[in-house]
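Remarks on the structure that follows.
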Amino acid sequence: MMKSKMKLMPLLVSVTLISGCTVLPGSNMSTMGKDVIKQQDADFDLDKMVNVYPLTPRLIDQLRPRPNVARPNMTLE
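Numbering (mature numbering (1 follows the signal peptide of the UniProt record, and there is no 0)), first residue to last: -19 to -1, 1 to 58.
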């Protein structure tokens, strides 16, 4: 049992190291001594264009699509 766990250790360590690169890519990159270019829309205020509504159970129930129910059409009869 101990031998099989020891065989899995290199795999677990390598998966951990590789997944760390996807979570925090380039987290150690410094901007010191580099040209930092300011974007044209860096001061863009998105709050003026977006409305935020609280997501409540009642709102979810209102937005849930209603099931299709068969009904007779009196105008055809």
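C-beta: ideal position from N, C-alpha, C; glycine also.
DSSP, read as helix, strand or coil, puts Val(-7) in helix. Where Asp22 is concerned, there is no enclosing alpha helix (DSSP H), because DSSP gives it neither an H nor an E. Shown here, Thr12 sits in coil according to DSSP, grouped into three states, outside any helix or strand.
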